[in-house]
Structure formats: C-alpha cells, structure tokens
Amino acid sequence: MELPSQCVLLRIFFGEDDRAADGMPLHEAIVIKARETGMAGATVLRGPLGFGRSSVLHTAKILRLSQDLPIVVEIVDAPEKIDALIPRIKALTNSCLITREKVKVIRYGDKD
2 MELPSQCVLL RIFFGEDDRA ADGMPLHEAI VIKARETGMA GATVLRGPLG FGRSSVLHTA
62 KILRLSQDLP IVVEIVDAPE KIDALIPRIK ALTNSCLITR EKVKVIRYGD KD
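Per the numbering used here, the very first residue in the sequence shown carries number 2; after that it's consecutive.
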C-alpha cells in the first residue's frame, strides 16, 4: 500500500476502561474498525499519567494504582480515508477526544 506524502493523523483519546457497545475494549474495536476499512495502520499508546475533562488524575504509580489509564489510538492515512472513518469511530465511542491534523509522510514501509 502506498501513502500520499500529505496525509492526516487521527488521534482518539480515552481511558483504558472504555468499551464499545458490544463490550469489547474500545482500543481493540477502533483498531479492528481501522483494519476493516483498509487504513494504512493504527497504533495504540498507553499512558502512565493523564487527566481529561473531569480533571481526575489517572496514574500508574505503585502507591496510587489506577485501572483507567490514558489510551491514545493514532491512525495515519489519506485525508478522504480518515474523513470516512471518523463517523465510524464516533459511533463506537461515548466519551472521548478526537483530533485530526495534517501530517507529511516521510517514509511508509521499506527504505527506498
């Protein structure tokens, strides 16, 4: 698969306890949906510390364990493919932050 040099980065921020409607962990549901729709790739990042709209601090510190650590899913692809994916992601989520930004792809895949 080729990617154009001008792409879009989609980021979805939520907590690791969040679930899709069918009970599947939200990060898994998003990655599966991205794969089903032919995205170039998706990455799930788990943060050791963060807070969101509620301002509740979620941390992985040993003395203050949290089961709801921050999760970010990143997906990079052509603008039209990301735009088509956004409504599907919104349908999977209840409470999250979704951002979209222009990015320049330097390399995707093997060295030229």
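We put the beta carbon where it would ideally sit given N, CA and C, even for glycine.
Closest by C-alpha distance to Leu-98, when choosing among Gly-110, Pro-71, Glu-81: Pro-71
Which of helix, strand or coil does DSSP assign to Ile-107? coil
Report buried or exposed for Phe-15, applying the criterion of at least 16 other Cβ atoms within 10 angstroms of its Cβ. buried
Cβ pair Ile-90, Lys-34 closer than 8 Å: yes
Glu-81 and Arg-12 look like a contact to me (Cβ under 8 Å); what is the Cβ gap, rounded to whole Å? Not confirmed; about 18 Å, so no contact.
Buried/exposed call for Ile-107, threshold 16 Cβ in 10 Å: exposed
Check each candidate in Leu-4, Leu-10, Asp-111 and name the one with the smallest Cα separation from Thr-100. Leu-10
Three-way DSSP call (helix, strand, coil) for Val-32 in this model: helix
In whole angstroms, what is the alpha-carbon distance linking Leu-50 and Val-73? 12 Å
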